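Here the sequence shown is numbered in the working numbering, starting from 17 and rising by one per residue. For every residue, glycine included, the Cβ atom is placed at its ideal position computed from N, Cα and C. Computed from a predicted structure; not experimentally measured. Read through the structure below, which is laid out as structure tokens, and then see the notes.
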Amino acid sequence: MEKLLQGLNPEQREAVVTIQGPLLVLAGAGTGKTRVITVRIAWMLAHGVKPENVLAMTFTNKAAGEMRERVAGLVGAERAKLLTVGTFHAFCARFLREHAAEAGLSKTFAIADEGDQASALRGALRELAVAEAAVQPSYAQSRISLAKNRLQTPESFLNDASDDREELIGRAWLRYEERLRRSNQLDFDDLLVFTVRVLASKKAVREKLEERFRYVSVDEYQDTNAPQYEILRLIAKRHANLCVVGDDDQSIYGWRGADVQKILGFEKDFKGAKVVRLETNYRSTRQVISAANAVIKNNPKRHEKELRSAFGEGEHVMVVAAEDEMAEADHVVREIQSLVRAQRATLRDFAILFRSAVQTRPFEAALRARAVPYHLVGGMSFFDRKEVRDVLAYLKLAANPKDESALMRVINTPPRGVGKTTIERLLEVTAAKQEGVPDLLQRGEEVDGVPPPVLAGLRAFQANLTDLGRSDPGKALVGMISRVLETVGYKGEVERNYPDKLECEQRWQSVMEVLNFAENYVRRSSKPTLAGFLEELTLSAEDRQDSDKETKGEKVTLMTLHAAKGLEFFRVYLVGLEEGILPHQRAVEEGSVEEERRLAYVGVTRAQRFLTITWSRSRSKYGKRAESFASRFLYEMRNETPPKEWRAAERAKERGAAPTRGAKTKRKRSKAR
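In structure tokens:
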């Protein structure tokens with residue numbers, strides 16, 4: 017039993033052996049929190065806690081998988097199987113399938129992916145005769161998602177609407193919900209919201225969960241939103257054995273609903289909570305940690321803590337002031353190339369981190385010009401490929417014949433004589449009747465303006481897929497998917513669209529990868545179902561950014577600061593550290609500079625041994641050359657007061673005369689500390 021504690025520092029040990037009552041583990045960057053979480057679970061099992069009474073929640077499939085594997089290595093695979101470890105969304109999906117009746121849902125509900133959501137929202141806006149120029153569907157989608165993550169309803173959103181656009185979004189939200197329910201679908205946010213509703217209103221269900229999960233652990237607690245917090249509170253309030261691990265200094269997802277107040281107020285919400293601070297950093301040198309501590313201490317609302325490096329002093333943090341963004345990129349790439357040629361580093365050692373994706377252009381150009389291989393995190397995902405989305409649409413229709421967004425995606429793929437006019441007519445008729453196109457087709461009625469042969473073809477297509485999905489394939493899932501592809505003639509569709517043999521083969525490989533995914537799913541699942549396969553695929557697609565972060569081969573990594581969270585690199589370039597970029601001008605306007613400071617802190621703490629910060633004295637903005645000023649965060653890292661000529665990014669109403677020329681740095685390169 018004591019072996020479990022070997023190699024842990026005193027703070028880590030304290031967190032591991034505290035298994036009763038509420039516990040807040042404040043785990044600074046690089047302090048070994050994953051090890052603490054997994055060893056703590058193993059310690060609980062060693063002290064008589066039954067594995068079936070343990071619930072461990074995290075935010076990505078990758079993190080959940082790693083947690084499960086590490087615990088299995090400590091307690092054995094058989095006992096680890098009895099634990100409930102997973103993401104919030106996966107947990108809620110399973111919960112709602114089990115309690116569909118209490119949630120007012122069908123057990124066969126589908127999970128709408130991003131494409132399905134966009135399609136449903138466009139349909140809702142179309143029903144309201146709202147032009148995309150008035151309300152962009154993508155903007156409406158993000159606003160609705162944020163509102164759900166704050167536990168708002170369409171009605172409360174409408175009541176609080178501050179202008180006409182907000183009112184339109186609220187009305188579209190009501191129609192959007194109607195369309196999802198007609199299609200027997202929930203979106204990702206609904207998984208959380210519906211779970212909260214059931215737990216809050218169905219006492220018997222809640223008590224059953226309270227009794228089962230007597231010990232609850234949560235990773236990355238600073239990223240929790242309102243519904244996630246409510247789920248934890250409702251499950252854990254009876255036994256109060258809730259352990260949350262996180263770092264308020266790394267709370268950077270407020271724009272998508274994460275509420276830093278949840279971790280800041282944990283001791284108030286859970287009386288008698290014990291707080292353990294993990295402050296020994298096993299990732300970075302003292303120079304890097306010193307810069308991180310210096311910047312983050314300027315945030316007034318935070319848990320008091322200060323990282324200490326387990327390593328030596330290390331190299332000074334370097335600062336480069338370039339004349340413009342092209343010179344900035346050129347300097348970074350030349351230095352990378354020089355270090356690699358001198359065999360002092362490999363390409364995979366380097367990460368170039370930036371606040372906004374638009375900053376990548378000069379760096380990509382410089383890397384290409386010097387033939388330096390790179391990987392830009394956030395390119396097209398496997399799940400976004402046309403062929404993959406087509407195949408998933410066929411399978412969704414087989415599993416759920418009411419899925420309108422899936423039907424509309426493949427209604428004429430391969431061609432069935434369904435033109436734009438026919439589609440518009442079908443949508444017009446169903447909008448007037450407030451029903452879905454699948455319902456209209458199933459009724460067998462004639463539709464004015466739609467040729468009978470076209471309707472007959474659509475009904476045959478719909479019936480074929482419904483028949484294929486009528487009985488669950490179980491272990492024969494791969495064969496069932498193959499029959500679907502054969503029935504709709506999809507290989508012929510790929511060959512028709514891509515006459516070039518090489519491209520056709522590459523496209524078809526994406527289709528085959530879906531079959532590979534199905535084979536893996538069947539092999540791992542004790543009771544494979546088509547619905548279960550689609551659910552796993554959809555949740556994996558939602559989690560795709562996590563796998564995007566993995567760079568294979570010798571390449572420089574380019575990624576945003578948001579994408580870099582949780583990662584570490586031997587050499588980091590934190591670029592564009594300027595007022596208006598980091599902190600971002602929008603954050604200054606909205607008064608959320610504290611989150612921008614946390615973002616800078618995250619960027620600094622990604623560096624293991626070498627950190628270089630760059631900024632440009634001028635930058636092209638809206639097609640014109642504009643003067644730039646070093647970020648306030650840079651001066652904070654150096655414990656310096658900005659010079660008189662320096663100008664901070666300001667809110668629009670605070671801006672006065674145009675800023676004067678900023679102070680030039682005498683030397684192009686200087687030490688941050």
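Original post:
Is A140 near Q157, with beta carbons less than 8 Å apart?
Top reply: No, these two residues do not count as a Cβ contact at 8 Å.
Subject >> Beta-carbon proximity list for T100, same chain, < 6 Å, skipping 5 on both sides >> reply: Excluding sequence neighbours, T100 sits near L71.
Original post:
K637 lies in the beta strand (DSSP E); which residues open and close that run?
Top reply: Where K637 is concerned, the enclosing beta strand (DSSP E) starts and stops at 634-637.
Original post:
Does the beta-carbon distance from T11 to T296 come in below 8 Å?
Top reply: Given that the chain is displayed from residue 17 to residue 689, the structure contains no residue 11 and the question cannot be resolved.
Subject >> For Q624, three-class secondary structure by DSSP >> reply: It is a strand residue.
Subject >> Uninterrupted beta strand (DSSP E) stretches inside the region 343-428 (no shorter than 3 residues) >> reply: List check, beta strand (DSSP E) in window: 366-370, 390-392.
Subject >> Opposing strand residues paired with G102 [DSSP bridges] >> reply: Beta-bridge pairing links G102 to M73.
Original post:
Expressed to the nearest angstrom, what Euclidean distance is found between the alpha-carbon atoms of Q522 and M528?
Top reply: Distance from the CA of Q522 to the CA of M528, rounded to the nearest whole angstrom, comes to 10 Å.
Original post:
Exposed or buried, P417, counting other C-beta atoms within 10 Å across all chains shown (16 or more means buried)?
Top reply: The residue in question, P417, is buried, as its Cβ has 16 or more Cβ neighbours within 10 Å.
**OP:** To the nearest angstrom, report how far apart Q266 and C520 are at their CA atoms.
**Re:** If I take the Cα positions, the gap works out to 44 Å.
Original post:
Quick one: is P389 buried, meaning 16 or more other Cβ sit within 10 Å of its Cβ, or exposed?
Top reply: Result: exposed.
Subject >> Endpoints, the alpha helix (DSSP H) within which A308 is located >> reply: That run of the alpha helix (DSSP H) goes 302-312.
**OP:** Give a yes or no on whether the C-beta atoms belonging to L650 and W631 are separated by under 8 Å.
**Re:** The answer is yes: Cβ separation under 8 Å.
Original post:
Roughly how many angstroms lie between the CA atoms of S354 and D346, to the nearest whole one?
Top reply: For the pair S354 and D346, the Cα-to-Cα distance works out to about 12 Å.
Subject >> Integer Cβ distance of V261 from V234, believed to fall under 8 Å >> reply: Yes, V261 and V234 are in contact; Cβ-Cβ is about 7 Å, under 8 Å.
Subject >> Where F585 falls: helix, strand or coil (DSSP) >> reply: Here F585 sits in strand by DSSP.
**OP:** Using three-state DSSP, classify Y298 as helix, strand or coil.
**Re:** Y298 falls in the coil class under three-state DSSP.
Subject >> Residue range of the unbroken alpha helix (DSSP H) whose run includes A664 >> reply: Neither: A664 is in no alpha helix (DSSP H) and is coded neither H nor E.
**OP:** Compare the C-beta of P469 against all C-beta atoms of chain B and say whether one is closer than 8 Å.
**Re:** Among the chains in the structure shown there is no chain B, since it carries only a single protein chain.
Original post:
Okay, do the region 485-497 and the region 529-544 touch, 3+ Cβ pairs below 8 Å being the bar?
Top reply: Under the 8 Å Cβ criterion, the region 485-497 counts as touching the region 529-544, having at least three qualifying pairs.
Original post:
Distance, Cα to Cα, E182 vs E130?
Top reply: Using only the alpha carbons, I get a separation of about 21 Å.
Original post:
Where does H578 sit, in a helix, a strand or coil, going by DSSP?
Top reply: Here H578 sits in helix by DSSP.
Original post:
Can L574 and T376 be called in contact, C-beta distance under 8 Å?
Top reply: Judged by their CB atoms, L574 and T376 are nearer to each other than the 8 Å cut-off.
Subject >> Other residues of its chain near L112: CB distance less than 7 Å, five sequence neighbours each side excluded >> reply: When the five nearest sequence neighbours on each side are left out, the beta carbons in the same chain lying within less than 7 Å of the beta carbon of L112 are those of A119, L121, L207, F210, T211, in order along the chain.
Original post:
Helix or strand or just coil, what does DSSP make of K123?
Top reply: DSSP places K123 in coil when its eight states are reduced to three.
Original post:
For S556, which residues of its own chain have a beta-carbon under 7 Å away from its beta-carbon, when the five flanking residues on both sides are left out?
Top reply: The answer, listed in chain order, is N77.
**OP:** Could you check how far apart the C-beta atoms of A665 and G569 are, in whole angstroms? I think they sit under 8 Å.
**Re:** Actually they are not in contact, since the Cβ atoms of A665 and G569 sit about 38 Å apart, beyond 8 Å.
Original post:
Taking the alpha carbon of F549 as the point to measure from, which residue in G485, T576, E509, K507 has its own alpha carbon closest?
Top reply: Checking every option, the nearest Cα to that of F549 belongs to G485.
Original post:
Apart from the five residues on each side of it in sequence, which residues of its chain come closer than 8 Å, Cβ to Cβ, to I127?
Top reply: Excluding sequence neighbours, I127 sits near A109, Q201, L202, D203, F204, L207, L550, E551, T554, L555.
Original post:
Using the rule of at least 16 other Cβ atoms within 10 Å of the residue's Cβ for burial, across every protein chain shown, is E18 buried or exposed?
Top reply: Exposed, because fewer than 16 other Cβ atoms sit within 10 Å of the Cβ of E18.
Original post:
So, do the region 584-596 and the region 359-367 have three or more beta carbon pairs nearer to each other than 8 Å?
Top reply: Yes: the two stretches touch, three or more of their Cβ pairs being nearer than 8 Å.
Subject >> For Q201: DSSP bridge partner residues >> reply: BP columns for Q201 point to A126.
Original post:
Who are the near neighbours of Q36 in its chain, counting only those whose CB is closer than 8 Å to its CB and skipping five residues on each side?
Top reply: The answer, listed in chain order, is N257.
Original post:
How close, in whole Å, do the beta carbons of V504 and A307 come, if the pair is a contact with beta carbons under 8 Å?
Top reply: Actually they do not touch by this definition, with Cβ atoms about 57 Å apart.
**OP:** Name the residue from S634, I251, E451, S526 whose alpha carbon lies nearest to the alpha carbon of S199.
**Re:** Looking at the Cα atoms, E451 is the closest of the given residues.
Original post:
So is N655 buried or exposed if we call it buried at 16+ other beta carbons inside 10 Å?
Top reply: It is exposed - the Cβ of N655 has fewer than 16 other Cβ atoms within 10 Å.
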